[in-house]
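There are 2 protein chains.
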Amino acid sequence: MKSLHRPDLYSWSTFNPARNIDFNGIAWVRSDGNILIDPVALSNHDWNHLQSLGGVVWIVLTNSDHIRATPEIANQTYAKIAGPAAEKDTFPIHCDRWLSDGEELAPGLKAIELQGSKTPGELAFLLEETTLITGDLVRAHKAGTLTILPDEKLQNRQAAVASVQRLAQLSQVETVLVGDGWSVFHDGRDRLKELVARL
Amino acid sequence: MKSLHRPDLYSWSTFNPARNIDFNGIAWVRSDGNILIDPVALSNHDWNHLQSLGGVVWIVLTNSDHIRATPEIANQTYAKIAGPAAEKDTFPIHCDRWLSDGEELAPGLKAIELQGSKTPGELAFLLEETTLITGDLVRAHKAGTLTILPDEKLQNRQAAVASVQRLAQLSQVETVLVGDGWSVFHDGRDRLKELVARL
């Protein structure tokens, strides 16, 4: 796994040829048990790396299209799974916990419910105020420039734009880790404001 | 290949498990023939993508440790190869052109010779003043933070630091594309200045 901007955060990626972007999984390493977010498949090397850092106790999913390698990882590790509360009735895999707006899976990792995206109540996560983690709605196909899902994928564009505006108002965001594409490691709030201005 | 910050720039990567970073190849797409820099191996998908963009006429290497997939790509495409002039006598593969400080392989792509790095006269490239492309000396193992090779890899630390200081004085650099690790897509000159301050 690759080191992110904090010593307790890692990511690993699989290249998606249909979109020519990387799909990214994130690992937050904590003394109370590591948390994976939207994990893509791990290579043997990354699997061993993760085990050396303490394995995994929770897998958090931003939406039902980002299940990725979760079933295989959960099967092998007995990790619990948390998903978006708004998808509770139709989520394709078993979840141990459902997260709504403002809930913290672990202290410092706060769920933000987005509206109007591809799936109901897609989650983003704010980690200790400065790192925003997004699933599908906010993404980056071009390095250095955040974008959102194309209109035809959105359930409600107006609601989706309002949700992105809400993210852009998070005043301390320095880093934006995207599930799909190029993450941003400095001045994330400025990149989010630029995104809002283009919507 | 993944879209970089300009529509004529792409990159593709292979993960290096020994260092837990990506090794990156870069493609500059031009009407006068595309140029690859330090190309890692291309997947079939990326190979087709490159061909659809016009193939390749030149491969430019920053140093003899970054030859990577150059022989295979050159064999299949008849691309010419350019390397660092200071390694001319010992370079492990045939080069069609040797680049010294200030030379342009193509208009807008200027070679910068670095001193004291792992190999003599390692090249960096300044693309149209705003994009700096580095090979080995300047790199990023932690996202968002540029670093240099460890002291034990440097031939002359003082000379290497002076070369990095010279890069940090390039006033228009917005993007720093690194051969090894995490590239920077905004405020590259600030990241370079922060690097110099830490050396």
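Line by line, the protein sequences are chains V and E. In terms of the UniProt record's numbering, the first sequence opens at residue 1 and continues consecutively. In terms of the UniProt record's numbering, the second sequence opens at residue 1 and continues consecutively. For each residue, glycine too, the CB sits at the ideal point set by N, CA and C.
Give the residues of chain B in contact with residue 163 of chain V, contact being defined as C-beta atoms less than 8 Å apart. No chain B is present in this structure, whose protein chains are V and E.
Taking the C-alpha atoms as reference points, what is the distance between residue 194 of chain E and residue 89 of chain V? Looking up residue 194 of chain E in the second sequence gives position 194. Looking up residue 89 of chain V in the first sequence gives position 89. Each residue's Cα considered, the two are about 50 Å apart.
Beta carbon of residue 180 of chain V, beta carbon of residue 143 of chain V: below 9 Å? Residue mapping note: residue 180 of chain V aligns to position 180 of the first sequence, counting from 1. Residue mapping note: residue 143 of chain V aligns to position 143 of the first sequence, counting from 1. Not a contact, by the Cβ cut-off of 9 Å.
As an exercise, report each continuous alpha helix (DSSP H) stretch of at least 4 residues that is fully enclosed by the UniProt domain "Metallo-beta-lactamase" (23 to 180) of chain V, in chain order. 44 to 52, 70 to 77, 157 to 168
Nearest to residue 53 of chain V by alpha carbon, out of V:197, V:32, V:199? For this step, residue 53 of chain V is matched to residue 53 along the first sequence. The shortest C-alpha separation from residue 53 of chain V is found at V:32.
Selection of the stretch 181 to 195 of chain V by Cβ proximity to chain E, strictly under 9 Å: 181, 182, 183, 184, 185, 186, 187, 190, 191
With a cut-off of 9 Å, does the C-beta of residue 21 of chain V fall near any C-beta of chain E? The count along the first sequence starts at 1 and reaches residue 21 of chain V at position 21. With 9 Å as the cut-off, residue 21 of chain V counts as an interface residue toward chain E.
Alpha helix (DSSP H) segment containing residue 195 of chain V, residue limits: The residue you call residue 195 of chain V lines up with position 195 of the first sequence. Element bounds for residue 195 of chain V: 188 to 198.
Consider the Cβ of residue 134 of chain E: report whether some Cβ of chain V lies at a distance smaller than 9 Å. Looking up residue 134 of chain E in the second sequence gives position 134. No, its Cβ sits nowhere closer than 9 Å to a Cβ of chain V.
Mapping DSSP to helix, strand and coil, what is residue 185 of chain V? Counting from 1 along the first sequence, the entry for residue 185 of chain V is found at position 185. The answer is coil: DSSP assigns residue 185 of chain V none of H, G, I, E or B.
Check whether the Cβ atoms of residue 134 of chain V and residue 174 of chain V sit closer than 9 Å, and answer yes or no. Position 134 of the first sequence holds residue 134 of chain V. Position 174 of the first sequence holds residue 174 of chain V. The answer is no: Cβ separation not under 9 Å.
Below-9 Å beta-carbon distance, residue 143 of chain E vs any chain V residue: Here residue 143 of chain E refers to the residue found at position 143 when the second sequence is read from its first residue. It does: the Cβ of residue 143 of chain E has a partner Cβ on chain V nearer than 9 Å.
Checking contacts by CB at 9 Å: is residue 125 of chain E closer than that to chain V? As a working note, residue 125 of chain E is residue 125 in the second sequence. No, its Cβ sits nowhere closer than 9 Å to a Cβ of chain V.
Go ahead and pull the three-state DSSP assignment for residue 16 of chain V. As a first step, residue 16 of chain V must be located in the first sequence, where it is residue number 16. In the structure shown, residue 16 of chain V sits in a strand (DSSP, three-state: E or B).
Beta carbon of residue 100 of chain V nearer than 9 Å to that of residue 121 of chain V: Walking along the first sequence from the start, residue 100 of chain V turns up at place 100. Walking along the first sequence from the start, residue 121 of chain V turns up at place 121. Contact flag set, yes.
Chain E contact for residue 39 of chain V (CB, 9 Å cutoff): Along the first sequence, read from residue 1 onward, the residue named residue 39 of chain V stands at position 39. False, the Cβ-Cβ gap to chain E never drops below 9 Å.
Nearest CA to the CA of residue 150 of chain V: which residue from V:126, V:19, V:106? In the first sequence, counting from the first residue as 1, residue 150 of chain V sits at position 150. Measuring C-alpha to C-alpha distances from residue 150 of chain V to each of V:126, V:19, V:106 identifies V:19 as the nearest.
Cα-Cα, which of V:4, V:103, V:168 is closest to residue 197 of chain V? Mapped onto the first sequence, residue 197 of chain V falls at position 197. The alpha carbon of residue 197 of chain V has as its nearest neighbour, out of V:4, V:103, V:168, the alpha carbon of V:168.
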